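Following the working numbering, the numbering of the first sequence begins with 61 at its first residue and continues without gaps.
Single-structure report; data block below.
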Amino acid sequence: MPVMDRLKTRPDFLRAARGIRRSTASLTLELCPTPEALDDHIRVGFTASRKVGNAVARNRAKRRLRAAAAAVLPLHGRGGHDYVLVARTATLTRGFAELLNDLSGALAAAHARLDKPNRGDAN
RNA sequence: UCAGAUGGCCGGAUGGCCGCGGGGCUUCGCAAGAAGCGUCGAGGAAAGUCCGGGCUCCACGGAAACACGGUGACGGAUAACAUCCGCCGGGGGUAACCCCAGGGAAAGCGCCACAGAAAUGAAACCGCCUACCGGCCUAAAGCCGCGGCAAGGUUGAAAAGGUGCGGUAAGAGCGCACCGCGUCUCUGGCAACAGAGGUGGCAUGGCAAGCCCCACCGGGAGCAAGACCAAAUAGGGACGGCACGUAAUCCGUUUCCGGAUAGCCGUCCGGGUAGGUCGCGUGAGGUGUGGGGCAACUCACAUCCCAGAGGAAUGGCCAUCCAUCGCGGCAACGCGAGGACAGAACCCGGCUUACAGGCCAUCUGACGUU
């Protein structure tokens, strides 16, 4: 079972934003390898912009994403990678089961891209 | 019962599963730490950051003045305030009650558009009068001249006290009464102010939220304050060693001689970045009882400990109930939807703004019943 860490610094978020990106109705997933070799660590960060709403809405969106990540990432996450979950306006209204589905789907798509390097996204 | 006024309070509830942050205890461990147990964990506005403070650093000999900014009836409360309470004055409402940027316009400057004759050294367009004086005339009447007046009309937000009577040629505070205003005295009140009496004869148009004057208050920046610990890298300093005891440069004018600098290594020191720790929650504290005060508030005693993060915990999901809304129904009810504004970031006292819905108390008016 890999250890879960939180991303906390702005450079980590910027690096993840340049990595693999997959969007669903309720969230956007960003993924990149962790720079230091920490194969037994999954690092995850959450972010919500002003477009989501006021401070109450942004905090609630991040809490729902955190709850979803706690349910899904220990099962499907890969050690040695950074994940960033970006809230969207639908994060607040989508049912929790659908939110979990969205996250699993985005993870699967991003991992598929990770396993087939040097194709497509590079250009 | 309806309509209204004021003040206060609440801001969904309960349970289950899985989690998060703080501090506590226990166990294991050399330690780092791990596990378990139980405990506490968002608001009335946490918001806007508009005032007032605490706290911290900086500046500063004391005090005053100038500048700048703020406040503005009076008395009180308070650590302080632009807040609050009481009261006064003015305005609004049938009333309960509400509202007021509420010092000074005889210190000075400035402005008062349009309209109007005239807008502040106020004025005479339309008007009113012909008493006095002069002329025509014996005189009266009449006409003319010299003049008098500001009542009425007109404009305007505002036109030099208002209404009435007297008075007059016509008029006029010219005289008088009442009201208003100024001023003096007395009475009541701590005071703002109010009341009564006398007196003046009306003088002082408005704007100070244009400048200004008067009184009082104010040093600046803010927890990203500030204090401490302290890698790596670069650079600084001290000491020691190596190399050289040559050469080079510089200094003591020159020679001699002496000193310094430049290389490498080690140890130490100071400053200090990343990072970390503190600041950081026992406080102008909450609750209760009793005393003082109309009240704001305050005193005494008892009792409680009540968030403390740092990409930032306080949650995710489910069930039932309670409000609310929609549809159907006379109704009971059924089905469905679905929680207002909003998230602590050093703390406290206020103000302002946002807010679904609900509860309580007191008071006012109207109607009805006894």
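All C-beta atoms, glycine included, are put in the ideal place defined by N, C-alpha and C.
On a predicted model such as this, the values are computed, not experimentally measured, just so you know.
(1) What residues are listed by DSSP as bridge partners for G113?
(2) Which stretch, first to last residue, makes up the alpha helix (DSSP H) that contains R173?
(3) Going by the beta-carbon positions, is the gap between G105 and L91 smaller than 9 Å?
(4) Does the segment 103 to 122 come into contact with the segment 142 to 156, if we say contact requires no fewer than three beta-carbon pairs (one atom in each stretch) closer than 8 Å?
Walking through what the data contain:
(1) Residue numbering aside, residue 113 sits at position 53 when the first sequence is read from its first letter. According to DSSP, which records beta bridges pairwise, G113 is partnered with nothing at all.
(2) One-based indexing of the first sequence puts residue 173 at position 113. Counting along the chain, the alpha helix (DSSP H) containing R173 begins and ends at F156 to D175.
(3) Position 45 of the first sequence, counted from the first residue, corresponds to residue 105. Position 31 of the first sequence, counted from the first residue, corresponds to residue 91. No, the pair does not count as a contact, with Cβ atoms beyond the cut-off.
(4) yes
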